[in-house]
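Undergrad:
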Amino acid sequence: MATIHATGLSSAHYPAERATVTALVMVSDADRPVSMSRASTLHNSLVSKAKQLVKAGDAVQFEARAASTYSHRVDHGNEPEATAHVEHTTTSSVSVELSNLGLVSELVLELSEAGAQTDVRWSLTDESRRQHLREARQEAVHEARATADDYAAALGERVLNVTQITDQREMSIGAAPGRARLMMADPFVTAPEITIEQVEVSAAVVGEFVSGVWLDVASNRQCDEQTVPRV
5 MATIHATGLS SAHYPAERAT VTALVMVSDA DRPVSMSRAS TLHNSLVSKA KQLVKAGDAV
65 QFEARAASTY SHRVDHGNEP EATAHVEHTT TSSVSVELSN LGLVSELVLE LSEAGAQTDV
125 RWSLTDESRR QHLREARQEA VHEARATADD YAAALGERVL NVTQITDQRE MSIGAAPGRA
185 RLMMADPFVT APEITIEQVE VSAAVVGEFV SGVWLDVASN RQCDEQTVPR V
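This note's numbering applies: residue 5 is where the sequence shown begins, and numbers increase by one.
1) DSSP puts alanine 10 in a beta bridge; with which residues?
2) Compute the Euclidean distance between the alpha carbons of arginine 149 and alanine 157, then round it to the nearest angstrom.
3) Rounding to the nearest angstrom, what Cα-Cα distance links leucine 102 and glutamate 67 in this structure?
4) I need the straight-line Cα distance from alanine 32 to glycine 211, nearest angstrom please.
5) With DSSP collapsed to three states, give me the class of glycine 61.
6) Considering Cα atoms alone, identify which of Glu204, Gln202, Ala208 and Val166 is closest to glycine 216.
7) If you measure between the beta carbons of isoleucine 198 and valine 108, is that distance less than 8 Å?
8) Kindly confirm or deny that the stretch 131 to 151 and the stretch 56 to 70 touch, where touching means at least three C-beta pairs closer than 8 Å.
9) Pair every Cβ in the stretch 20 to 32 with every Cβ in the stretch 118 to 128, then say whether three or more of these pairs are closer than 8 Å.
10) Return helix, strand or coil for asparagine 48, following the three-state DSSP convention.
11) If you reduce the DSSP assignment to three classes, tell me which class leucine 115 lands in.
12) Output yes or no for whether 8 Å exceeds the beta carbon distance between valine 163 and aspartate 153.
13) For threonine 94, I'd like the list of residues in its chain whose CB is within less than 6 Å of its CB, leaving aside the five on either flank, ordered along the chain.
14) How is the beta strand (DSSP E) around serine 99 delimited, first residue to last?
15) Going by DSSP, what residue range makes up the alpha helix (DSSP H) through valine 145?
16) Could you give the distance in angstroms between the alpha-carbon of histidine 89 and the alpha-carbon of arginine 36?
17) So, with DSSP's three-state summary, where would you put alanine 16?
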């Protein structure tokens, strides 16, 4: 009889079903009120766009983060007559979760031309992720069991019992977020083509199995491979 520890892994890629586009507002000016006012104007226009997308059914939801302003000293290099001055930078962000992925490239260009820095993150719906994760867990357990069977066979035994299954990791990982910074974009430039990314869903488990020689208690005899019940 032996205790066998075996690992099972499962991983698969699925086309993204959602794209979260984040627009970062960052406005600097030597005049603090000017910095705040310009950033507020841009921020409000981004919120308005996000609301339109949700109302039209092209987006599931949006999130707007409040603006904050910080001051920093700006030097002018080694020029002897140059003097440093203080600039005030106001930042905020607006994120919108698109369900209509055909609008991703168009939205990225529009937000970039408006003066925001953009970031795209891809994901699955919660329902799809749960389903794919369930499948990944099952496959990981089956792989761990198959590995344990191999080791038991090498010992001339069979797996008699499963004593423990430990989840090692479960994750849904999108590809590295695509960034589009077109703040100086030509207004006549067409929307850049953006490929819908694949999202990875994976699971890993470690199982503890007990192997041994299966005995038929009723007849008190050893069973051969064909008669051993699978656990």
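Virtual Cβ for every residue (Gly too), placed ideally from N, Cα, C.
TA: Taking the geometry as given:
1) Under the DSSP definition of a beta bridge, alanine 10 partners with Gly211.
2) Between arginine 149 and alanine 157, the C-alpha separation is close to 12 Å.
3) Their Cα atoms are separated by approximately 12 Å.
4) First, the amino acid is wrong: residue 32 is serine here, not alanine. Pairing serine 32 with glycine 211, the inter-Cα distance amounts to about 56 Å.
5) Three-state DSSP puts glycine 61 in coil, outside helix and strand.
6) Checked all of Glu204, Gln202, Ala208 and Val166; the closest Cα to glycine 216 is Val166.
7) Taking the C-beta atoms as reference points, valine 108 is found nearer than 8 Å to isoleucine 198.
8) Taking one beta carbon from each stretch, the stretch 131 to 151 and the stretch 56 to 70 have fewer than 3 pairs nearer than 8 Å; the two do not touch.
9) Short answer: they touch.
10) Correct three-state label for asparagine 48: helix.
11) Note: leucine 115 maps to helix in three-state DSSP.
12) The answer is yes: Cβ separation under 8 Å.
13) Closer than 6 Å at Cβ, skipping near neighbours: Val31, Ser39, Met40, Ala43, Ala71 and Thr73.
14) Membership of serine 99 in the beta strand (DSSP E) is indicated by the continuous run 89 to 102.
15) Taken as a continuous stretch (DSSP letters only), the alpha helix (DSSP H) holding valine 145 covers 130 to 158.
16) Going by the C-alpha atoms only, they are around 12 Å apart.
17) DSSP places alanine 16 in strand when its eight states are reduced to three.
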